[in-house]
Amino acid sequence: MALLLNALADVCALAAEDSLVNIAPLARVSCEPAAERESAARATDGNPGSGLVFAVGSQGEGSVTLTFDAPRRIQKIRVLQGQPAYHSTAYRLLADKDGDGAFETTLADAKDSTPWGEWAEFTFALVEVRAVRFQSVAGKSEGRRAHPVVNELAVYGLATAQVIQEMMRMGTR
């Protein structure tokens, strides 16, 4: 029992209202067009050495959606594209605030001058969301897949006690 109380105290200490933590691992990842089998989860796995790759035969602009099981308050998104052959040169970061599936809020409109392999970072006013979407607007595909390859999509939200507890249960913190 003492161990549990100590763990809960540690969680509360970590959950300062002004601190942000990457909550992307708490989201369900989906994409359009479809990704290669099992690669969708790589967009949020914390390993920048691997990424989400769209299926062979797909083409054009890809999108990656992170859907949360509860409203989350977020303030920053970081994007890492790791493949020069499949790279977005312009994209939008969108939010669905109420969970109705309509991405009515633009968080960032990026004409990406960030070279592939480097993080692009977007900070905005704190907003409560049910889902966020990376939507490619322009880019290049040098093969037979949609673009881009998304090595990491990190969404930074408030480090509430609930968020920290969920991450600890998942083994991501």
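Using my numbering, you'd call the opening residue of the sequence shown number 1 and step up by one each time.
No residue lacks a Cβ here, since even glycine has one placed at the ideal position from N, Cα and C.
Computed from a predicted structure; not experimentally measured.
Q: Specify, as a first and last residue, the run of the beta strand (DSSP E) that Val21 falls within.
A: That run of the beta strand (DSSP E) goes Leu20 to Asn22.
Q | Backbone secondary structure at Thr44 - three-state DSSP | A | helix
Q) For Gln81, which three-state DSSP category applies? A) Gln81 falls in the strand class under three-state DSSP.
Q | Alpha carbon of Met168 to alpha carbon of Asp45, nearest angstrom | A | Roughly 15 angstroms separates the two Cα atoms.
(Q) The alpha helix (DSSP H) that contains Ala125, what's its start and end? (A) Note, Ala125: premise wrong, no alpha helix (DSSP H); beta strand (DSSP E) at Trp119 to Ser141.
Q) Touching or not, the region 73-92 and the region 112-124, by the rule of three or more beta carbon pairs under 8 angstroms? A) yes
Q: Out of Glu142, Phe122, Tyr86 and Leu66, state which residue places its alpha-carbon closest to the alpha-carbon of Gly99.
A: Leu66
Q. Where does Pro25 fall in DSSP's three states?
A. Note: Pro25 maps to helix in three-state DSSP.
Q: Taking only the alpha-carbon atoms, compute the straight-line gap between Ala41 and Lys76 and give it to the nearest angstrom.
A: 20 angstroms
Q | CA nearest to the CA of Pro33, picked from Gly157, Ala24 and Leu52 | A | When only C-alpha atoms are compared, the closest one is Leu52.
Q) Ala102 and Val127: beta carbons closer than 8 angstroms? A) Against a cut-off of 8 angstroms, the Cβ pair of Val127 and Ala102 comes out as no contact.
Q. Bridge partners of Asp181, per DSSP?
A. As displayed, the chain neither begins before 1 nor continues past 173, which places residue 181 out of reach and without an answer.
Q: Report the three-state DSSP secondary structure of Ala35 (helix, strand or coil).
A: strand
Q.
Suppose contacts are defined by Cβ-Cβ distances below 8 angstroms. Is Ser136 in contact with Tyr91 by that definition?
A. yes
Q. Counting pairs of beta carbons, one from the region 57-71 and one from the region 130-145, are three or more of them closer than 8 angstroms?
A. As far as the Cβ criterion goes, the region 57-71 touches the region 130-145, which means the pair count is three or higher.
Q.
Quick check on this structure: which residue in Leu153, Pro25 and Val21 has the alpha carbon closest to the alpha carbon of Met170?
A. Pro25
Q) Thinking C-alpha only, which one of Ala146, Tyr156, Ala43 and Lys111 is nearest Ala125? A) Tyr156
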